[in-house]
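S.K.:
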Amino acid sequence: MTKRRSRGDGGLHWDDKRQRWIATVSLGYDGRGKRIVKRGSGRTKTEAKAKLKEVIRDYEDGLAIAPSGYTVKHAVDDWLAYGLAGLDGATVAKYTTLCRRHIIPALGARKLRDLTADEVDKWLADKAKVLSTSTLQVIRSCLNRAVKRAMVRDKVKRNVVELCSVPTGQEGRPSKALTLVQAEAVLDAAADTPLHAYIVLSLLTGGRTEELRPLTWDHVDLEGTPDADPPIPPHIAVWRSVRASGDTKTRKSRRTLALPARCVEALTEQRKAQDREREKAGEQWKEKGLVFTSAVGTELDAANVRRAYRRVLAAVDGLDSADWTPRELRHSFVSLLSDNGVPLEEISRLVGHSSTAVTEKVYRKQIRPVIQTGAVTMDRIFEGGEDR
-4 MTKRRSRGDG
6 GLHWDDKRQR
16 WIATVSLGYD
26 GRGKRIVKRG
36 SGRTKTEAKA
46 KLKEVIRDYE
56 DGLAIAPSGY
66 TVKHAVDDWL
76 AYGLAGLDGA
86 TVAKYTTLCR
96 RHIIPALGAR
106 KLRDLTADEV
116 DKWLADKAKV
126 LSTSTLQVIR
136 SCLNRAVKRA
146 MVRDKVKRNV
156 VELCSVPTGQ
166 EGRPSKALTL
176 VQAEAVLDAA
186 ADTPLHAYIV
196 LSLLTGGRTE
206 ELRPLTWDHV
216 DLEGTPDADP
226 PIPPHIAVWR
236 SVRASGDTKT
246 RKSRRTLALP
256 ARCVEALTEQ
266 RKAQDREREK
276 AGEQWKEKGL
286 VFTSAVGTEL
296 DAANVRRAYR
306 RVLAAVDGLD
316 SADWTPRELR
326 HSFVSLLSDN
336 GVPLEEISRL
346 VGHSSTAVTE
356 KVYRKQIRPV
366 IQTGAVTMDR
376 IFEGGEDR
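First residue of the sequence shown? That's -4 in this note's numbering, and the numbers climb one at a time after it.
(1) How far does the beta strand (DSSP E) with ILE99 in it reach, from first residue to last?
(2) For the beta strand (DSSP E) containing LEU22, name the first residue and the last one.
(3) Taking three-plus beta-carbon pairs below 8 Å as touching, is the stretch 148 to 162 in contact with the stretch 115 to 122?
(4) State buried or exposed for THR251, treating a residue as buried only when at least 16 other CB atoms are found within 10 Å of its CB.
(5) Secondary structure at THR128, three-state DSSP: helix, strand or coil?
(6) Using only the heavy atoms of the ligand FAD, determine whether one of them is closer than 6 Å to the beta carbon of ALA18.
(7) Could you pull out every residue in the same chain whose Cβ sits closer than 6 Å to the Cβ of VAL50, ignoring the five residues on either side in sequence?
(8) So GLY292 and ASP213 are in contact, right, with Cβ under 8 Å, and what is the actual spacing, rounded?
(9) Rounded to whole angstroms, what's the CA-CA distance from LEU47 to ALA297? Just pull it up for me.
(10) Could you tell me whether the Cβ atoms of VAL181 and VAL346 are closer together than 7 Å?
(11) According to DSSP, is LYS106 helix, strand or coil?
(12) Among TYR193, LYS275, GLN177, LYS143, which has the Cα closest to the Cα of THR211?
(13) How is the beta strand (DSSP E) around ALA253 delimited, first residue to last?
(14) Count Cβ pairs between the stretch 137 to 147 and the stretch 74 to 81 that sit closer than 8 Å; are there 3 or more?
(15) Tell whether a beta-carbon distance below 7 Å holds between LEU324 and SER197.
(16) Tell me which same chain residues have a C-beta within less than 8 Å of the C-beta of PRO189, skipping the five on either side of it?
(17) Looking at the unbroken beta strand (DSSP E) that takes in VAL32, where does it start and where does it end?
(18) Please report the distance separating the alpha-carbon of LYS244 from that of ALA317.
(19) Provide the residue span of the beta strand (DSSP E) that contains ALA232, from first to last.
(20) Going by DSSP in three states, LEU285 sits in which element: helix, strand or coil?
(21) Rounded C-beta distance between THR66 and ARG95? I'm assuming under 8 Å.
(22) Taking all protein chains shown into account, do 16 or more other C-beta atoms lie within 10 angstroms of the C-beta of SER330, making it buried, or fewer, making it exposed?
(23) For SER343 and PRO321, what's the separation of their Cα atoms in angstroms?
(24) Please state whether the Cβ-Cβ distance between VAL259 and PRO225 is less than 7 Å.
(25) Considering only the alpha carbon of each residue, which of MET146, ARG153, ASP72 lies closest to ALA112?
(26) Could you check which residue in ILE31, LYS171, LEU22, GLY37 has the C-alpha nearest to that of HIS8?
(27) Quick one: what does DSSP say GLY6 is sitting in, helix, strand or coil?
(28) With DSSP as the reference, label GLU218 as helix, strand or coil.
(29) Exposed or buried, which one is ILE134 when buried takes at least 16 other CB atoms within 10 Å?
(30) Can you tell me whether DSSP reads THR174 as helix, strand or coil?
(31) So, with DSSP's three-state summary, where would you put GLU179?
(32) Grab the span of the alpha helix (DSSP H) containing CYS258 for me, first residue to last.
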């Protein structure tokens, strides 16, 4: 005779509505006296029992596992909504766009607890066919942080994304630098345009676009102190950026740069032109003390500068304006210094890098590849040696 199960031992029954086997078990009572019942479902009895064992194991591990319908999209949306507090608005917008474009369409419908490392590997491999390695790193990081947030909130037992490495993606947009001839042509084309002083300052000092846009007249000295000992030349203080905190990118990015004579001339004209703009705008002018402004005194954004810069390049023969960005004025600054024998250490200081390693990595295509110091010095030391 088959032994009857004790009350609470659980059961197994067919659910006509769901067309699945349902395995149940009672695990006692909670603090309010309510019975704790766990269920597992499957297309077969074996599958339902296996699912129930998994649910019981999760319960015994102390995991308040999320409902079975909790998806990757839920986790990503939660991270975007609550996990980015304190970040700059532009950064949040960037992460949101990448998640909406690359993560959610491909993996969003997948139940988070069922997501596997193999699926993440395949997703990254597919994205590697169209995205650069750096973008792959960012989207993998976004997914990893979203799942990690879900894991610490007991939505899933483990983070499979951490098991997956980033494959090599497509080559990113190659950086470029203007030659001396091209640079002179760009400066000539920029004359008498609203962006003239910006282009001159960026090309001749190597300032980052996010450092020049918020530059204020308080941080510009067009006269210097020639009577000081030693004399102080005209200079700008690169102490601010468009970052949310207002700080420069790194501690060493905060620097004071002497101004070449051409920059002094361009900034002097910029101040006069701005006075005319202020008078023309009248009450609409919003005084911010900025060096580079819109027609009403407000700060330029990256798109403003990019459009104006490309209009200038359109007048330069041999340059496709669509292929260049204002950031490459800084690349050109590094290239021109390197071509003229300025040591890497000095270039690193001028561009505000934390170390020469950063300069070599970021501007490896602009740095003169052949180190000539030894050969030049030895030629000087042993000059005429054959005649001795």
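By construction, the Cβ of each residue, glycine as well, lies at the ideal position given by its N, Cα and C atoms.
M.R.: Taking the definition as stated:
(1) No beta strand (DSSP E) contains ILE99, which is instead part of the alpha helix (DSSP H) from 99 to 102.
(2) 15 to 24
(3) yes
(4) It is exposed - the Cβ of THR251 has fewer than 16 other Cβ atoms within 10 Å.
(5) Here THR128 sits in helix by DSSP.
(6) Summarising the ligand content, the structure contains no ligands, and the ligand FAD is consequently not present.
(7) LYS33, GLY35
(8) Rounded, the Cβ-Cβ distance is 15 Å, inconsistent with contact.
(9) 56 Å
(10) The answer is no: Cβ separation not under 7 Å.
(11) Per DSSP, reduced to three states, the secondary structure at LYS106 is strand.
(12) TYR193
(13) 250 to 253
(14) Touching, per the Cβ criterion.
(15) yes
(16) ALA268, ALA303
(17) 30 to 37
(18) Below a pLDDT of 50, predicted positions are generally treated as unreliable, and LYS244, at 46, falls in that range; no measurement from the model is reported.
(19) 230 to 233
(20) strand
(21) With 8 Å as the limit, THR66 and ARG95 do not qualify as a contact, their Cβ atoms being about 15 Å apart.
(22) Result: buried.
(23) Near 20 Å, if we compare the C-alpha coordinates of PRO321 and SER343.
(24) no
(25) Selected option, being the one with the closest Cα: ARG153.
(26) GLY37
(27) strand
(28) coil
(29) buried
(30) Of the three classes helix, strand and coil, the one that applies to THR174 here is coil, per DSSP.
(31) helix
(32) Unbroken alpha helix (DSSP H) run through CYS258: 256 to 276.
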